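Q:
Number of protein chains: 2
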Amino acid sequence: MATAKTTTGNLLLGRFTSRVLRALAPREEDHAITDVLIRPDETPGSIFFPHFGAVVSIIRSTESGAMVEAGVVGNEGMFNVHTVITKPAPTGAEALVQIDGRVSRVDAALLHNYFRDDERVRDLLLSFTSLFLHQVTQNLLCNRLHAIEQRLAKWLLIIRDRIATDEMHMTQDFLSHMLGVHRPGVSIAVSALEVDGLIKHSRNRISIRDHAGLLARSCECSAPLHASLKQFRATL
Amino acid sequence: MATAKTTTGNLLLGRFTSRVLRALAPREEDHAITDVLIRPDETPGSIFFPHFGAVVSIIRSTESGAMVEAGVVGNEGMFNVHTVITKPAPTGAEALVQIDGRVSRVDAALLHNYFRDDERVRDLLLSFTSLFLHQVTQNLLCNRLHAIEQRLAKWLLIIRDRIATDEMHMTQDFLSHMLGVHRPGVSIAVSALEVDGLIKHSRNRISIRDHAGLLARSCECSAPLHASLKQFRATL
DNA sequence: GTACGTCTGTACGATTCCGAACACAACACG
DNA sequence: CGTGTTGTGTTCGGAATCGTACAGACGTAC
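Just so you know, the protein sequences line up as chains A and B, in that order.
Each residue of the first sequence is one higher than the one before, counting from 1120 in the working numbering.
Each residue of the second sequence is one higher than the one before, counting from 1120 in the working numbering.
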């Protein structure tokens, strides 16, 4: 059913014509947290389209193993952008499942053909590309200028925008890698947010309790990131 | 002359067919450092293509006036990417002239039409888009993880890759905004690089003296950024 | 229930960087 | 040749974060 597809499935795929969708024949897969969908040095053979509830991190890492999240993709988007818009090549980035969920996989070469020939497909994917680039540059500024606590609050809200619940399952160690900070720093920031009742946490779990309070505590990056996502979903 | 255009002019424009080039009718302008070519809240009516020697910074800034450079564009590229690949809208980023030089200006709506209809134009501009996204995510990681001195060394090399000389004219205050750090930090980093003979500096000026030494002192981001630019230029 | 591995809270010194201020140097302009 | 403006070097205290270490809490497996 088409309407169901646009709300619970991937929004980009949901806007493809049924003829194109049949030809692309996406395969649905369920993935668990920390699953690696694309490796940095790999030339991806597939393009992935998360369904609602699934969130994937696009990550860059150093030779020494340090890593930072460049951006996140939910059911509004796809990855990897590079392989869609240009010839296949290693992307240098890693795609890591952050929130469990369903993901549609499409053959990269096949999709690239439709991207080239079908204006509707192209406009949709380029529209997301623009949104993603916008998100990444915002995160670049945020990573440089804002404090851990504010960035943590922002991060939780950004994820919340892409899932159905206030419950998130992840370790603080995982979080420290996403934010690019050391683990004890995350522990302190989590506690700080909890004492003010903004979140609750226990082992492997963080849940949002006060959405508005969290927004107020987060850095100024939250609002534009939320707004641009909302607008993108609306105009899609 | 076609060959002159590809070496001293903009590389992307140089690969357009002469028929398309005539239709686009780019206007050449000379710009000085700190000229603002695109404002964050503005819907750009033009797309800009730097010639060799001109370098433009793509900058994101906060409400409070702090700013960080997201990436740089030389004669290998164009800006703003958003306005080429999607419908016109404010980009949220600022384009600031960093190294004086010539820039070709093309009407955004006109170029967008060719981007839509001409596969050659589209492939060229998307190829750069991929490169730019790669550069931005690398800078995101660098901004989060690396120290001022290493980032300064990297920055000088990145600019060096896009100009003809080892002489650069800019204030340390300007530099501090690009790197997103406070000005005295730049002063200290510049001195540190100078005492080891890697650079020379005086008021409003920095010149590279030891290219290899600077590379060794810079963070690990320099090499991949240099390599991907070189490869892009070669395969263009 | 017990043992083990994983995750988390906390501590401490060391380091980097910020924020602000000030004096001096270089240059531009009259 | 003064004078004002701009850019630079340096200082200081304080804040944020790192690096490392360790102990306790939690959950799982046997």
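In this text, a Cβ means the ideal position worked out from N, Cα and C, and glycines have one as well.
Nothing here was measured: the structure is a model prediction, and the numbers come from that model.
1. Looking only at its chain, what residues have a beta carbon closer than 6 Å to the beta carbon of GLY1172/B, apart from the 5 residues adjacent to it on each side?
2. Can you tell me whether VAL1187/A is buried or exposed, with buried defined as 16 or more other CB within 10 angstroms of its CB?
3. Less than 8 Å between the beta carbons of TYR1233/A and LEU1143/A, yes or no?
4. Which of helix, strand or coil does DSSP assign to MET1120/B?
5. Quick check on ARG1221/B: does DSSP put it in helix, strand or coil?
6. Looking at the strands, I want to know which residues DSSP matches up with ILE1327/A.
7. With 8 Å set as the bound, which would you pick, yes or no: does the beta-carbon of ALA1185/A sit closer than that to a beta-carbon of chain B?
8. May I have the straight-line CA-CA distance separating PRO1303/B from GLY1211/B, to the nearest angstrom?
9. Are any of the Cβ atoms in chain B nearer than 8 Å to that of VAL1192/A?
10. Starting from VAL1255/B, find everything on chain A with Cβ-Cβ shorter than 9 Å and list it in chain order.
11. For the beta strand (DSSP E) that contains PRO1169/A, what are its first and last residues?
12. Between SER1176/A and VAL1191/A, what straight-line distance do the alpha-carbon atoms span, to the nearest angstrom?
13. At 7 Å on the CB atoms, spell out the chain A contacts of SER1249/B, in chain order.
14. From ASP1226/B to ARG1179/B, what does the alpha carbon distance come to, in whole angstroms?
15. Could you check whether the region 1240–1259 of chain B touches the region 1197–1208 of chain B, counting it as contact only if at least three pairs of C-beta atoms, one from each stretch, sit closer than 8 Å?
16. On the three-state DSSP scale, how would you describe ASP1188/B?
17. List, in chain order, every chain B residue whose beta-carbon is nearer than 7 Å to that of SER1246/A.
18. Please state the DSSP three-state secondary structure of VAL1155/B.
19. When you compare the CB positions of CYS1340/B and HIS1265/B, do they come within less than 8 Å of one another, or not?
20. By the 8 Å beta-carbon criterion, what residues does the region 1259–1288 of chain A contribute toward chain B?
21. State the beta-bridge partners of ILE1177/A as determined by DSSP.
22. In three-state DSSP terms, what is ARG1235/A?
23. Measure from the C-beta of ALA1144/A to each C-beta in chain B and report whether the shortest distance is under 8 Å.
24. Given that a residue counts as buried once 16 or more other Cβ atoms are within 10 Å of its Cβ, and exposed if not, what is SER1310/A?
25. Count the other C-beta atoms from every protein chain shown that fall within 10 angstroms of the C-beta of ARG1263/A, then say buried if there are 16 or more, exposed otherwise.
A: From the atom records:
1. GLY1220, ILE1282 and ALA1283
2. With 16 or more other Cβ atoms within 10 Å, it is buried.
3. In this structure, TYR1233/A places its C-beta atom within 8 Å of the C-beta atom of LEU1143/A.
4. Annotation note: pLDDT 42 at MET1120/B (below 50); position unreliable, no value reported.
5. strand
6. ILE1318/A
7. yes
8. The straight-line gap from Cα to Cα measures roughly 28 Å.
9. No - not a single Cβ of chain B is within 8 Å of the one on VAL1192/A.
10. ALA1189, LEU1252, VAL1255, THR1256 and LEU1259
11. 1165–1169
12. SER1176/A and VAL1191/A have their C-alpha atoms some 5 Å from each other.
13. HIS1201, ILE1204 and THR1205
14. 24 Å
15. yes
16. Contrary to the premise, residue 1188/B reads as Glu rather than Asp in this sequence. Residue state, collapsed to three classes: strand.
17. What SER1246/A touches in chain B: THR1205.
18. Three-state result, VAL1155/B: strand.
19. In this structure, HIS1265/B lies closer than 8 Å to CYS1340/B by Cβ.
20. LEU1259, LEU1260, ASN1262, ARG1263 and LEU1264
21. GLY1190/A and ALA1214/A
22. helix
23. No, ALA1144/A lies away from the interface with chain B (no Cβ there is under 8 Å from its Cβ).
24. exposed
25. So ARG1263/A counts as buried.
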